[in-house]
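Report on the structure given below.
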Amino acid sequence: MSLSQNSKHSTSVMIGVEEDMILQESISTYETWFHGQGFWDASVLSLNLSRLSIRGWAQFLVNVAIAIADSGQHTAEQVVSVWMDVEAVYNHSDLILFLRSGGAMKMLASDFTKRPMGKPLPDIAKICLCLVSPTQAHLKFWQVKHNAQQALRARDVVLTVSCSFCRRVWRLPTSELAGSVKHRDGRYARVLAYSVEKGWL
Numbered sequence: 003m004s005l006s007q008n009s010k011h012s013t014s015v016m017i018g019v020e021e022d023m024i025l026q027e028s029i030s031t032y033e034t035w036f037h038g039q040g041f042w043d044a045s046v047l048s049l050n051l052s053r054l055s056i057r058g059w060a061q062f063l064v065n066v067a068i069a070i071a072d073s074g075q076h077t078a079e080q081v082v083s084v085w086m087d088v089e090a091v092y093n094h095s096d097l098i099l100f101l102r103s104g105g106a107m108k109m110l111a112s113d114f115t116k117r118p119m120g121k122p123l124p125d126i127a128k129i130c131l132c133l134v135s136p137t138q139a140h141l142k143f144w145q146v147k148h149n150a151q152q153a154l155r156a157r158d159v160v161l162t163v164s165c166s167f168c169r170r171v172w173r174l175p176t177s178e179l180a181g182s183v184k185h186r187d188g189r190y191a192r193v194l195a196y197s198v199e200k201g202w203l
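For the sequence shown, the working numbering begins at 3 and goes up steadily by one.
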């Protein structure tokens with residue numbers, strides 16, 4: 003999909019159910035191709051797609067186009083903000099963004115009740131072995147606490163989970179996480195920049 007062939011700015015969107023599209027074409031190779039082509043100003047690739055909402059992606063494209071028209075330029079901040087605002091896209095897909103004006107970026111949705119810092123929570127039944135009866139199973143779930151805030155480095159986020167039933171607490175490792183936190187209207191994301199020499203930062 004693309005915004006418009008007749009507009010001053012154009013964006014391509016590639017949507018895949020899994021990561022195969024990303025794995026088969028390395029980021030550096032795709033980035034080289036992207037900067038060598040002359041049509042698109044930006045390219046958005048879906049990542050970790052869990053559910054496809056055509057209406058959501060259509061709204062995403064429209065909102066990106068409106069943001070570009072209002073500002074007269076194409077920026078990563080626009081795309082990240084629109085993605086976080088469109089619930090049907092943010093809740094079910096991470097993104098990789100290529101911009102003619104800069105390097106590649108990866109955006110990982112960070113719903114702290116399910117995927118803190120873009121990583122799924124571990125299976126509570128395998129981690130916490132406290133016993134619950136079948137009728138109480140719904141009372142056992144992860145409770146998450148964090149100190150994430152705008153622009154905080156991902157590796158500096160303190161992330162703990164506790165069992166809602168027995169209250170035992172675990173700290174989840176974050177020291178090896180790359181990127182930084184994006185916070186917008188109660189939603190969070192982990193944003194990473196790509197370096198040919200060092201990979202995702």
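From the three backbone atoms N, C-alpha and C, an ideal C-beta is built for every residue, glycine too.
Neighbourhood of residue i by C-beta, 7 Å cutoff - its chain only, sequence neighbours within 5 removed
i    : result
G58  : V88, A90 and V91
Q26  : With a pLDDT of 46 at Q26, under the threshold of 50, the modelled position of this residue cannot be trusted; read the value that follows with caution. Cβ within range, chain order: n/a, list empty.
A78  : L99, L101, G104 and M107
I17  : S48, L51, L54 and W59
F114 : V146, H148 and Y190
L194 : M107, K108, A180, G181, W202 and L203
Beta-carbon gap between residue i and residue j smaller than 7 Å
i    : j    : result
A44  : L131 : no
S95  : L51  : yes
G105 : Y196 : yes
S112 : R53  : no
V198 : S30  : yes
I98  : L63  : no
N65  : V84  : yes
W42  : S12  : yes
Member of the options whose CA lies at the smallest distance from the CA of residue i
i    : options                   : result
P175 : R53, T162 and L110        : T162
S164 : V64, T34, L110 and I126   : I126
V160 : D187, R186, N149 and M109 : N149
R186 : E33, W35 and M86          : M86
V134 : C168, L203 and Y32        : C168
K116 : A139, R189 and L194       : R189
W202 : Q39, M109, Q151 and F114  : M109
P118 : N93, P136, G74 and Q138   : N93
Residues near residue i by beta carbon distance below 8 Å, same chain, minus five either side
i    : result
S166 : L141, K142, F143, W144 and Q145
R170 : C130, C132 and S164
H76  : H11, T13, D43, A44, I70, L101, R102 and S103
Q151 : V183 and H185
is_contact[residue i, chain B] using C-beta, thresh 7 Å
i    : result
S112 : The chain labelled as chain B is not found in the depicted structure, where only one protein chain is given.
Close-in-space but distant-in-sequence residues of the same chain around residue i (CB under 6 Å, 5 per side omitted)
i    : result
M3   : Because M3 sits at a pLDDT of 47, beneath the cut-off of 50, its placement in the model cannot be relied upon, and the following sentence gives the value as read from the coordinates. V15.
R173 : T162
K128 : none
I147 : Correcting the residue identity first, residue 147 is Lys in this sequence and not Ile. Excluding residues within five positions, the ones whose Cβ falls inside 6 Å are T162.
S177 : R157
K200 : none
**Asked** How about the stretch 121 to 130 and the stretch 61 to 71: do they share at least three Cβ pairs that are nearer than 8 Å?
**Response** no
**Request:** May I ask you to verify whether the stretch 182 to 198 touches the stretch 148 to 162, counting CB pairs closer than 8 Å and requiring at least 3?
**Result:** yes
**Asked** What are the start and end residues of each continuous beta strand (DSSP E) run of 3 or more residues lying completely inside the stretch 29 to 107, in chain order?
**Response** 44 to 49 and 96 to 101
**Prompt:** Counting only runs that start and end within the stretch 114 to 167, where is the beta strand (DSSP E) found for 3 or more residues in a row?
**Reply:** 144 to 148 and 161 to 165
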